[in-house]
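> Numbering (our numbering), first residue to last: 320 to 876.
Virtual Cβ for every residue (Gly too), placed ideally from N, Cα, C.
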Amino acid sequence: MYILGITGPLGHDAAACLMKEGRIVAMVEEERLSRIPHSPGGLMPYLAIEHCLNKEEISLDQVDYIVLSWDKGLIPQTKIPLPDIFDDVGSLFPKSKFPHSKLPKIEVIDHHLAHAASAYYFSPFEEAGVLVVDGAGEDCSTTLYHGKNGRLNKLDSIHHNESLGEFYATVTEYVGFDWNDPGKTMGLASFGEPVYEFPRIALDDVKGYSMKIDQSLHMSKVENVWKKEFVRLGIMPNISTRRYNPVTYRMSEHLEFDAVHYNLAASAQRKLEECYMNLAKVLMERTGSRNLCLAGGVALNCVANGQLRRSGHVDGLFIQPAANDAGAAIGAAAEVAARLGFAIEKLVSNYSGPSFTNDQIRATLDHLGLRYKAVNDATETASQLLTEGQTVGWFQGGAEYGPRALGNRSMLANPSVPDIQNHMNNNVKFREGFRPFGPSVLEEEAGEWFEDMHSSRFMLQSFDVKPNKRSAVEGVVHVDGSSRPQTVTKETNARYYKLISEFRKNTGIPMVLNTSFNLRGEPMVNTPYDAIRTYIMGALDVLVMEDIVLVKADSNL
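1. When we look at the beta-carbon of residue 537 and count the other beta-carbons within 10 Å, is it buried (16 or more) or exposed?
2. Using a 10 Å radius around the Cβ and a threshold of 16 neighbouring Cβ atoms, would you call residue 763 buried or exposed?
3. In three-state terms, what does DSSP make of residue 379?
4. Helix, strand or coil: how does DSSP classify residue 713 here?
5. Look up residue 746 in the DSSP assignment and say whether it is helix, strand or coil.
6. Could you tell me whether the segment 733-750 touches the segment 771-783, using the rule of 3 or more Cβ pairs below 8 Å?
7. Under the three-state reduction of DSSP, which class applies to residue 646: helix, strand or coil?
8. With a threshold of 7 Å on Cβ separation, who are the neighbours of residue 481 within its own chain once the five nearest residues in sequence on each side are excluded?
9. Checking the sheet assignment: what are the DSSP bridge partners for residue 880?
10. CA-CA distance, residue 959 and residue 448?
11. Determine, using beta-carbon pairs with one atom in the segment 625-641 and one in the segment 683-698, whether at least three such pairs fall under 8 Å.
12. Measure the C-alpha to C-alpha separation of residue 334 and residue 652 and round it to an integer number of angstroms.
13. Roughly how many angstroms separate the alpha carbons of residue 369 and residue 378, rounded to a whole number?
14. Can you round the beta-carbon distance between residue 832 and residue 853 to whole angstroms, since I take them to be within the 8 Å contact cut?
15. Can you check the segment 507-572 for any alpha helix (DSSP H) of at least 4 residues that lies completely inside it and give the ranges in chain order?
16. Out of 758, 518, 344, 434, which one is the CA nearest neighbour of residue 590?
17. Tell me residue 833's beta-bridge partners as DSSP assigns them.
18. Out of curiosity, what's the CA-to-CA distance linking residue 850 and residue 566?
19. Kindly indicate which residue of 657, 592, 659 has the alpha-carbon position closest to the one of residue 626.
20. For residue 841, does the three-state DSSP call read helix, strand or coil?
21. Let's test the definition: count the other Cβ atoms within 10 Å of the Cβ of residue 455 and tell me whether it reaches 16, buried, or not, exposed.
22. For residue 798, does the count of other Cβ atoms within 10 angstroms reach 16, so buried, or fall short, so exposed?
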């Protein structure tokens with residue numbers, strides 16, 4: 320039985336996930352295929368659906384269920400309604416795009432339930448509290464669930480106007496970033512002090528937190544409520560300027576930060592962490608379980624996740640790697656699979672996206688007229704290049720889903736190279752110089768380098784780097800001494816594990832600097848063509864795609 324989960328066309332981060340009974344067989348975000356970041360504006364994930372069907376070599380006729388991750392009937396008058404096209408679900412799947420004799424059964428799952436399902440069913444826990452925090456679902460912004468014996472029970476929710484995600488997104492815009500860049504605000508917070516208070520937000524021992532915001536107010540007006548609060552604090556919005564880049568021949572946004580903007584980011588981060596902690600505390604008390612599953616966009620805040628792990632409230636923690644709206648496609652499919660009685664396969668890795676053979680890669684390179692070399696051991700070649708201080712584009716196997724590169728669509732560097740962070744930010748990725756990098760580290764050796772270390776295979780928790788180790792890997796240490804590691808095992812990614820092991824033999828360092836394979840403002844690369852284009856435009860030294868190596872200048876390779 321095939322079940323196709325979809326997120327979109329409402330909102331952002333459209334995606335499609337195809338499950339065969341209880342197992343994910345394909346999952347990809349629309350942005351990776353369309354090259355439009357975050358798939359804004361309510362795009363249907365037609366390309367993602369096509370990929371999922373093509374990967375299994377099936378048509379829509381062979382799909383038993385299509386599951387949508389938004390319920391139009393739950394959207395209140397105080398929110399923007401779903402398009403009228405949702406009144407005729409069949410029109411979302413025109414025969415011109417998806418030939419079929421009849422549509423599969425259509426199921427609709429509410430948005431936060433889809434998020435919750437994406438975390439609980441794929442976690443290692445039989446029983447857990449499940450916390451969903453994002454901008455907003457249909458009528459709520461935060462929801463508490465109890466997962467037990469393979470089912471989810473909703474315990475409580477918080478109104479969509481009282482949104483932690485919306486609050487943080489407004490701060491993100493106010494300090495000068497785009498609304499969908501909260502990760503930048505998280506990084507900026509480490510440079511400031513949490514000196515500002517937000518009296519509208521209060522901790523609540525029943526739900527977790529509450530906000531003094533009129534619930535009859537249209538959600539589009541809530542942003543103005545927060546902006547007025549910031550003005551009362553004496554903080555003016557940060558305005559970017561446009562500068563010309565003589566390398567790319569493009570104008571791009573440039574920001575300068577005052578202490579007040581650093582401090583606003585730090586204050587918002589502290590408030591988010593306080594609410595997060597209290598939500599977890601309330602949820603643990605109400606469920607009696609010390610296991611916690613997280614989903615929703617706020618669950619991508621790795622600093623808050625790290626604080627949760629160290630809080631003492633939680634014993635087991637599982638975070639859906641696609642915690643953003645893309646993951647709702649996974650959860651929508653999984654919820655229906657669970658209702659049908661299928662056991663959901665636990666999530667070990669998330670390399671379920673498109674993959675390419677050496678022959679396909681050669682065909683692309685030959686078409687472009689580029690010289691390349693095939694090698695017997697790509698891991699040995701790449702590890703030696705990294706040891707020498709070169710930067711490497713690493714393109715292998717099935718693409719990761721979720722916003723974190725985990726060793727299949729990654730840019731890699733030696734974290735001990737002086738000033739490597741500035742080089743990667745300014746010359747390779749063309750992004751803001753303050754932004755930190757995380758490492759991929761051998762899981763069995765991570766405890767020697769990081770404080771209070773736990774397995775973190777999806778790069779979604781921050782840990783403090785041990786003080787006596789920081790000077791050895793400065794490229795992956797943030798200004799506050801923290802880092803966001805991915806722990807790598809042979810079972811989850813054998814080739815990547817071997818690369819890091821070879822690098823360790825050469826350097827004594829069991830980790831490499833790992834960042835997503837993309838330039839500023841672009842989605843992570845998906846195809847060999849995407850990787851080649853990004854490699855040529857940036858300042859990466861070498862590109863390794865499967866067993867094929869591409870260099871820009873004369874080399875002994």
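Inspection of the coordinates gives the following:
1. The residue you call residue 537 lines up with position 218 of the sequence shown. When all chains shown are included, residue 537 counts as exposed.
2. Residue mapping note: residue 763 aligns to position 444 of the sequence shown, counting from 1. The residue is exposed, with fewer than 16 neighbouring Cβ atoms inside 10 Å.
3. In the sequence shown, residue 379 corresponds to position 60, counting from 1. If DSSP states are grouped into helix, strand and coil, residue 379 belongs with the helices.
4. Residue numbering aside, residue 713 sits at position 394 when the sequence shown is read from its first letter. The answer is strand: DSSP assigns residue 713 an E or B state.
5. Taking the sequence shown and counting its residues from 1, one reaches residue 746 at position 427. Three-state result, residue 746: helix.
6. no
7. Sequence index remark: in the sequence shown, residue 646 carries index 327 (1-based). It is helical.
8. Sequence index remark: in the sequence shown, residue 481 carries index 162 (1-based). 460, 529, 530, 532, listed in sequence order.
9. Because the chain is modelled from 320 through 876, residue 880 falls outside the range shown and cannot be assessed.
10. Coverage of the chain is limited to positions 320 through 876, which leaves residue 959 absent and any answer about it impossible.
11. no
12. In the sequence shown, residue 334 corresponds to position 15, counting from 1. In the sequence shown, residue 652 corresponds to position 333, counting from 1. If I take the Cα positions, the gap works out to 12 Å.
13. In the sequence shown, the residue the question calls residue 369 occupies position 50. In the sequence shown, the residue the question calls residue 378 occupies position 59. Taking the straight line joining both Cα atoms gives about 9 Å.
14. Within the sequence shown, numbered from 1, the residue matching residue 832 stands at position 513. Within the sequence shown, numbered from 1, the residue matching residue 853 stands at position 534. Not quite, the Cβ-Cβ distance comes to about 17 Å (not below 8 Å), so this is no contact.
15. 541-551
16. Position 271 of the sequence shown, counting from 1, holds the residue named residue 590. Considering only alpha carbons, the answer is 518.
17. Stepping through the sequence shown from its first residue, residue 833 is reached at position 514. Answer is 731, 757, bridged to residue 833.
18. As a working mapping, residue 850 is identified with position 531 in the sequence shown. As a working mapping, residue 566 is identified with position 247 in the sequence shown. The alpha-carbon atoms of residue 850 and residue 566 are separated by roughly 19 Å.
19. Counting from 1 along the sequence shown, the entry for residue 626 is found at position 307. Here the closest residue by C-alpha is 592.
20. Translated into positions along the sequence shown, residue 841 becomes position 522. The answer is coil: DSSP assigns residue 841 none of H, G, I, E or B.
21. Position 136 of the sequence shown, counting from 1, holds the residue named residue 455. Label assigned to residue 455: buried.
22. In the sequence shown, the residue the question calls residue 798 occupies position 479. Label assigned to residue 798: exposed.
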